[in-house]
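Worksheet: the structure to be examined is printed underneath.
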Amino acid sequence: MNNLRQTWQQLQQGMRRDRVFDFIAENRMPFRGQGHMALPGVVDVSHGTLLYLENVSVSFDGFRALNNLTLYIDDGELRCIIGPNGAGKTTMMDVITGKTRPDSGNAFFGQTLDLTRMSETDIANAGIGRKFQKPTVFPRHSAFENLELALQADRRPWHTMRHRLTPTQQLQIEETLHTIGLLAERDRPAALLSHGQKQWLEIGMLLVQNPRLLLVDEPVAGMTHQEMEQTAQLLTHLAGRHSVVVVEHDMDFVRSIARRVTVLHEGSVLAEGTMDEVQNNPRVVEVYLGE
Amino acid sequence: MQKSSFFTTTFRETLLRDRGGAVLLSVLLLLMIFIPLLNLGTGVDNPLHVSTYTVTLLGKYLCFALLALSLDLVWGYCGILSLGHGAFFALGGYAMGMYLMRQIGDRGVYGNAELPDFMVFLNWQELPWYWYGFDHFWFAALMVVLIPGALAFVFGWLAFRSRVTGVYLSIITQALTYALMLAFFRNEMGFGGNNGLTDFKDILGYNLQQDGTRVTLFFLSALLLALCYALSRYLMNAKFGRVIVAIRDAEDRARFIGYRVENYKLWLFTLAAVIAGIAGALYVPQVGIINPGEFSPLNSIELVVWVAVGGRATLYGAVAGAGIINYAKTWFTSILPEVWLFALGALFVIVTLFLPDGLAGLLRRRKTAAPPAAQSQSGEAAA
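Each protein sequence line maps, in turn, to chains P and B.
For the first sequence, position 91 (counting from the first letter as 1) is numbered 1241 according to the numbering used here, and the numbering increases by one without interruption.
For the second sequence, position 254 (counting from the first letter as 1) is numbered 932 according to the numbering used here, and the numbering increases by one without interruption.
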């Protein structure tokens, strides 16, 4: 019985990955007709899915932080991930960004990039940006310089030795400063910014980095109500051009932005759906309201 | 055309923003003009005469300043506390020393044109292979840069790739210089063992004892310090420098933005080692000896104190720190030799406790503490 269920699950996943029937879809074959090749370093989202996490497990000293986690993020989607403490939200981000290697399972960015075999830097350059739970900006650099460092550009040492900002790039940074409301703080060291401003600066850094996928860990922690609304606006505005994954504790905030919500519990997906569906799910209620 | 204007504007911007650097470069320029004049152009009984001893002493300080500059690049800007930085200085010094040994020719005690004295003394029959080529200045000059650079590259490649940071990195750098010291102490290594390399006669055909040669060496030390300062300042003001500081302050963030942190550290570390090697090569002909003592961990630690006292991540602070402490050392060791190490230790403790940004930080703090002065300054800038 158990075996049957496993097979069924595997079959489902195979369908989900859309790969099984590739041989039928003529124009998707790499070597036939007007199809495309799997190019190294290019994110292939021809099936509409940007991120694949499949059966990912991670243990720390016997503690299973992630337990057969399977999760898909579509291209251009805004997804919220909620879950009680220790549900594995941050570990999941660590796996995606290459900070933690999974014990088992797959993590693919597009259909071709195997995240479990790439370094943090490679992953970042492939187009995954991350905002940490605790705001981490470069404290000695001004807000402007923080954005300059994050700006999409050649990251190699030899290039940065001779690099100068073009007027377009300068303008882009100024515009982003305007978007995140830090134009007045342009030349202040980031260490002197308030907590909320640092959060925004970090989001701004993600913006100029222009990643395909943004991972945002608790963006509104320590923000006032008004700041929260602005953040919600910003994130919803971003979806479509980027895929955004938001991990957040604040339910009001999640409600205000979420189209689809995934609930994590003990390292795997407990429920997935709209906010209302999820909130009315008896298992979610049980986990959240507790024994 | 475009290119030259790019560099001149960069240079002008750099100098305008960098007051300490402007002062330093002016001082170096004055030294480069007046020291040769006052040494060679005046008689010994002239009250303005600067003795050759003083010229050489100043030249020595300049070499130390160059060494401190290179440590400031890695420690001050990138937070890599190398406690074995003296090793690169010593290696550069040995490369130059080997050339100077070969220049002695048959004027050694044993009159053997083929072998340096210490090899004759050890009953060696022929020159070891790694001494080949050191008869030529160009080869030695190349090795001055290549050997410290290659060692730093290999060491850094291993250390930074394995993400060794902080105290652990300091400890292995210390072990590196200690191991090199022990190795160079051995006679079998073929670098003169305990006594090192000494009794040099001339460089490029010029007698090392002559005033003209000494003054030229001094001049070159000042020139190279100025050039290395300008290069370092340019790099640290470029985006490269901002990435380096970003790595120091938030390494993970830099990595997740997409910078290959280990490559940045590696290139900076290698560059610093090359500068240290050049400093060593300028040092040896002026002091006339290089021995394994230069590898001693104590030297590297003293070097850290120079930079800490002068002020980290300012470049000119490191230069000033090296100058001031070495002047104090010369003074102390001639008057109260047994007190020197205690004084140095006390100085380090005081600076760490009360002046975390060193003397440069003190100057900056005074500037910000006096708003009227700052205001008038910005007024000037606006006008």
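Just so it is clear, CB atoms sit at the ideal spot from N, CA and C, and this is done for glycine as well.
Residue range of the unbroken alpha helix (DSSP H) whose run includes residue i
i: D1224 (chain P); result: First-last for D1224 (chain P): 1213-1224, but that is the beta strand (DSSP E), not the alpha helix (DSSP H).
i: R892 (chain B); result: 889-915
i: R1405 (chain P); result: 1401-1407
i: L1384 (chain P); result: 1375-1388
i: L854 (chain B); result: 844-863
i: A996 (chain B); result: 994-1013
i: H1291 (chain P); result: Here H1291 (chain P) belongs to no alpha helix (DSSP H), and DSSP marks it neither H nor E.
i: G1423 (chain P); result: It is not in any alpha helix (DSSP H) - G1423 (chain P) instead sits in the beta strand (DSSP E) that spans 1418-1423.
i: D1244 (chain P); result: 1239-1247
i: R1312 (chain P); result: 1307-1312
i: S840 (chain B); result: It is not in any alpha helix (DSSP H) - S840 (chain B) carries neither H nor E in the DSSP assignment.
i: P1034 (chain B); result: Run containing P1034 (chain B): none; DSSP gives neither H nor E here.
i: G1346 (chain P); result: 1345-1359
i: D795 (chain B); result: 795-799
Proximity winner among the options, relative to residue i (alpha-carbon distances)
i: F812 (chain B); options: B:N801, B:A828, B:F799, B:L793; result: B:L793
i: G1238 (chain P); options: P:A1421, P:H1375, P:R1229, P:L1216; result: P:L1216
i: D1400 (chain P); options: P:H1375, P:S1418, P:S1344, P:S1393; result: P:H1375
i: L981 (chain B); options: B:G764, B:G995, B:L820; result: B:G764
i: T1199 (chain P); options: P:G1233, P:Q1261, P:M1373; result: P:Q1261
i: V1382 (chain P); options: P:Q1349, P:N1218, P:L1420; result: Note on identity: in this sequence residue 1382 (chain P) is Ala, with Val being the wrong assignment. Closest by alpha carbon: P:Q1349.
i: G698 (chain B); options: B:I849, B:R911, B:I922, B:N1004; result: B:R911
i: L744 (chain B); options: B:Y994, B:N885, B:A1021; result: B:Y994
i: V1195 (chain P); options: P:E1227, P:S1406, P:L1315; result: P:E1227
i: D1337 (chain P); options: P:V1193, P:I1323, P:Q1380; result: P:I1323
i: I922 (chain B); options: P:L1221, P:M1311, P:M1268; result: P:M1311
i: G754 (chain B); options: B:Y788, B:T851, B:A986; result: B:A986
i: M1220 (chain P); options: P:D1426, P:N1431, P:E1416; result: Reading the sequence as shown, one finds Thr at residue 1220 (chain P) and not Met. Measuring from the Cα of T1220 (chain P), the nearest candidate turns out to be P:E1416.
i: L1297 (chain P); options: B:T1008, B:R690, B:A924; result: B:A924
i: K1281 (chain P); options: P:V1435, P:L1414, P:V1397, P:N1152; result: P:V1397
i: N717 (chain B); options: B:T855, B:L703, B:L761, B:L736; result: B:L736
i: G958 (chain B); options: B:L702, B:F767, B:R690; result: B:F767
i: A1274 (chain P); options: B:F918, B:A991, B:I935; result: B:I935
i: R780 (chain B); options: B:L707, B:W809, B:W984; result: B:W809
i: Q1320 (chain P); options: P:L1343, P:P1252, P:L1342, P:A1293; result: P:A1293
i: W1308 (chain P); options: B:F918, B:L820, B:G762; result: B:F918
i: V1435 (chain P); options: P:F1403, P:E1368, P:E1352, P:I1232; result: P:I1232
i: E1270 (chain P); options: B:V823, B:A932, B:L1033, B:A1021; result: B:A932
i: H1313 (chain P); options: B:F799, B:F862, B:A916, B:L909; result: B:A916
i: R695 (chain B); options: B:T992, B:M867, B:G955; result: B:T992
Extent of the continuous beta strand (DSSP E) run through residue i
i: K1284 (chain P); result: That residue, K1284 (chain P), is in no beta strand (DSSP E); it is neither H nor E in DSSP.
i: D1367 (chain P); result: 1363-1367
i: T1271 (chain P); result: Element bounds for T1271 (chain P): not the beta strand (DSSP E) but the alpha helix (DSSP H), 1270-1276.
i: V1206 (chain P); result: 1199-1210
Bridge partners - residue i, DSSP secondary structure assignment
i: V1395 (chain P); result: P:R1229, P:L1365
i: N1296 (chain P); result: In the DSSP output, where bridge partners are listed per residue, N1296 (chain P) has none listed.
i: L1264 (chain P); result: One point to set straight first is that residue 1264 (chain P) is Asp, not Leu, in the sequence displayed. In the DSSP output, where bridge partners are listed per residue, D1264 (chain P) has P:F1258.
i: I968 (chain B); result: B:L875
i: N885 (chain B); result: B:D880
i: L1414 (chain P); result: P:V1419
i: G1279 (chain P); result: P:L1364
i: P1339 (chain P); result: P:S1292
Exercise for the section: Any chance you could list the alpha helix (DSSP H) runs of at least 4 consecutive residues sitting entirely within the segment 753-790 of chain B, in chain order? Expected result: 764-782
Exercise for the section: Identify every run of the alpha helix (DSSP H) within the segment 694-750 of chain B, keeping only runs that are complete inside it and at least 4 residues long; order them along the chain. Expected result: 697-718, 730-749
Problem - Any 3 or more C-beta pairs closer than 8 Å across the segment 1008-1018 of chain B and the segment 790-810 of chain B - result: no
Exercise for the section: Determine contact between the segment 817-831 of chain B and the segment 933-940 of chain B, defined as no fewer than three beta-carbon pairs at a distance below 8 Å. Expected result: no
Practice task
Take every Cβ of the segment 1196-1210 of chain P, pair it with every Cβ of the segment 1252-1264 of chain P, and state whether three or more of those distances are shorter than 8 Å.
Solution key: yes
Practice task
Evaluate the contact criterion for the segment 771-787 of chain B versus the segment 871-889 of chain B: three or more CB pairs, one atom per stretch, below 8 Å.
Solution key: yes
Practice task
Evaluate contact between the segment 1300-1311 of chain P and the segment 965-974 of chain B, counting only Cβ atoms and requiring at least three cross-stretch pairs below 8 Å.
Solution key: no
Practice task
Check whether the segment 1387-1406 of chain P touches the segment 1347-1363 of chain P, taking contact to mean three or more Cβ pairs, one atom from each stretch, closer than 8 Å.
Solution key: yes
Handout entry: Given 8 Å, three or more beta-carbon pairs between the segment 945-963 of chain B and the segment 887-905 of chain B
Key = yes
Handout entry: Given 8 Å, three or more beta-carbon pairs between the segment 943-961 of chain B and the segment 1365-1380 of chain P
Key = no
Problem - Whole alpha helix (DSSP H) elements within the segment 916-949 of chain B, 4-residue minimum - result: 917-927, 929-935
Practice task
Examine the Cβ distances between the segment 1422-1429 of chain P and the segment 1401-1414 of chain P and report whether three or more of them are shorter than 8 Å.
Solution key: yes
Exercise for the section: Determine, using beta-carbon pairs with one atom in the segment 892-907 of chain B and one in the segment 703-722 of chain B, whether at least three such pairs fall under 8 Å. Expected result: yes
Exercise for the section: Would you check if the segment 1236-1252 of chain P and the segment 1271-1285 of chain P touch, i.e. whether three or more CB-CB distances between them fall below 8 Å? Expected result: yes
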